[in-house]
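Right, one structure below, let's go through it.
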Amino acid sequence: MDSSTITVTRPREAGSRLLSFATEASRAGGLGHFMRCFALAQEARARDIESRFILKQASAAVRARLAGIGAQWVEAGDQWAQACLAQAPAADAWWVVDSYAATTDLLDALRRRNRVLYFDDLCALPHFPCDLVLNASPQATHLPYADRMSARCSLLAGPAYAQIRMELRKAARMPGLTRSRPSQIGLMLGGSDATGLALQVLTSLRAALPDADLQVFMGPASADISQVREAAMRQTQSTVISDPPDLAERLAACDLVVTAAGSSVWELCALRQAAIALVVADNQVAALQACPFPSLDARQGVPSELGELARTLLADPTGLERLRQRAVDAVDGQGAARTLAAMGLGRPATPLPMPASVSPTTEREGTLR
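Using my numbering, the first residue of the sequence shown is number 1, and each one after it goes up by one.
Written out as structure tokens, the structure reads:
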């Protein structure tokens with residue numbers, strides 16, 4: 001959209017419920033923020049709750065996903081915050097904000113109009129003028145949220161609130177599934193591979209596992225896909241697949257997945273898959289201590305031990321199966337349903353498997369609710 005234009009969405013039908021998402025999806029920032037919002041919107045759509053998205057930019061792939069669930073969207077460019085404030089308030093609506101560009105001033109302005117859910121990773125804001133703050137990290141309850149939230153704000157914390165898309169939940173791997181073929185390894189480093197590590201990871205895995213079937217899944221915003229595809233063509237049993245519609249099924253069919261340590265970790269848990277998580281950004285550092293999978297720090301490049309770790313895991317099918325069970329025990333795929341229930345928009349499909357919601361008052365008293 002033109003940078004001087006603010007678009008206001010059409011009025012809704014009387015009686016309809018609405019979630020307004022303020023998030024981002026870009027080659028530089030990746031698709032993680034958008035994808036967890038999309039998972040929540042997907043669940044909301046199944047409950048006849050409308051969604052509209054305010055995005056800085058929207059690629060063809062993002063627009064296709066939104067069209068698939070009947071969501072409205074605004075592509076706002078550098079006027080993203082202004083576009084959010086230009087949307088007409090509604091008494092029964094929620095704002096869902098997921099962007100590092102969000103400020104306390106923006107959250108406060110939105111909260112004056114509607115209720116606000118804020119997806120957070122780092123507890124970096126000085127205070128949270130929201131109704132709900134959601135951080136799916138296992139370490140969330142150790143961050144100083146209690147000192148930064150008002151009494152009316154609650155924290156939804158832990159992997160029980162991880163936002164998992166429906167197609168991933170449906171494709172979960174069956175327990176005990178084994179195959180008599182060369183090991184199949186999936187590689188995905190997010191929707192954009194913003195750090196450009198895919199080629200290095202492919203090279204490392206091929207050196208350690210010359211007979212393995214390597215499948216590189218690259219998102220629609222990946223800048224280095226041509227380079228990775230050329231490298232794969234020079235190898236045997238290496239394939240680059242761009243934004244496949246059956247990604248969930250392909251991931252479930254792998255013996256092991258190497259992934260960036262973002263929201264993809266929780267998606268693989270819900271798939272009942274085994275993985276190696278690579279920390280590629282500072283906001284993923286907590287994964288080194290809290291991830292259910294073996295984790296390596298790749299912020300300075302691919303660690304030399306990656307290939308050997310993959311080979312060791314694949315040589316122990318029983319250990320891989322234990323890893324898959326530990327993963328699905330951590331994330332059952334019902335995080336979006338639980339989030340809507342916390343927003344007063346439905347009931348979760350299953351009970352909460354672990355204490356995950358901490359209020360400012362009860363956390364100070366040392367109890368979870």
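We put the CB at the ideal spot given by N, CA and C, even for glycine.
Reduced DSSP secondary structure (H/G/I, E/B, other) of residue i
i	result
R63	helix
T259	strand
S137	coil
S204	helix
S304	coil
S183	coil
S51	strand
R311	helix
R17	strand
D2	Residue confidence for D2 is low, a pLDDT of 39 falling below 50, so the modelled location carries little weight and cannot support an answer.
R250	helix
P345	The displayed chain sequence assigns Leu, not Pro, to residue 345. In the structure shown, L345 sits in coil (DSSP, three-state: anything other than H, G, I, E or B).
L268	helix
A290	helix
L143	coil
A212	coil
L199	helix
A160	helix
Beta-carbon spacing of residue i, residue j below 8 Å
i	j	result
P129	R111	yes
L132	L117	yes
L40	Q163	yes
I185	L296	no
F34	V74	no
M188	T239	no
A327	L268	yes
T195	V302	no
Cβ neighbour criterion (16 or more within 10 Å) applied to residue i
i	result
K170	exposed
S59	buried
S304	exposed
M233	exposed
E365	Reliability fails at E365, whose pLDDT of 31 lies under 50, so the model's placement of it is uncertain and the value that follows must be treated cautiously. Exposed, since its Cβ has fewer than 16 Cβ neighbours within 10 Å.
E230	exposed
S150	exposed
M343	buried
DSSP beta-bridge partners of residue i
i	result
V97	A22 and Y118
M149	F128
L107	Its beta-bridge partners do not exist; DSSP assigns none.
I69	None; I69 has no bridge partner.
F217	M188 and I241
L296	L278
V285	Partner(s): none; V285 has no beta bridge.
E75	L55
Extent of the continuous beta strand (DSSP E) to which residue i belongs
i	result
R173	Where R173 is concerned, there is no enclosing beta strand (DSSP E), given that its DSSP letter is neither H nor E.
L155	S154 to A157
Limits of the unbroken alpha helix (DSSP H) element including residue i
i	result
R229	I225 to M233
R338	G335 to A342
H33	G32 to R45
V328	P317 to A330
Q57	That residue, Q57, is in no alpha helix (DSSP H); it is neither H nor E in DSSP.
Q273	First-last for Q273: undefined, no H or E at that position.
R82	Inspection of the sequence shows that residue 82 is occupied by Gln rather than by Arg. It spans W80 to A86 - the alpha helix (DSSP H) in which Q82 sits, taken as one unbroken run.
Contact test: residue i Cβ vs the ligand GDP heavy atom, cutoff 7 Å
i	result
L199	This structure does not include the ligand GDP; it has no bound ligands of any sort.
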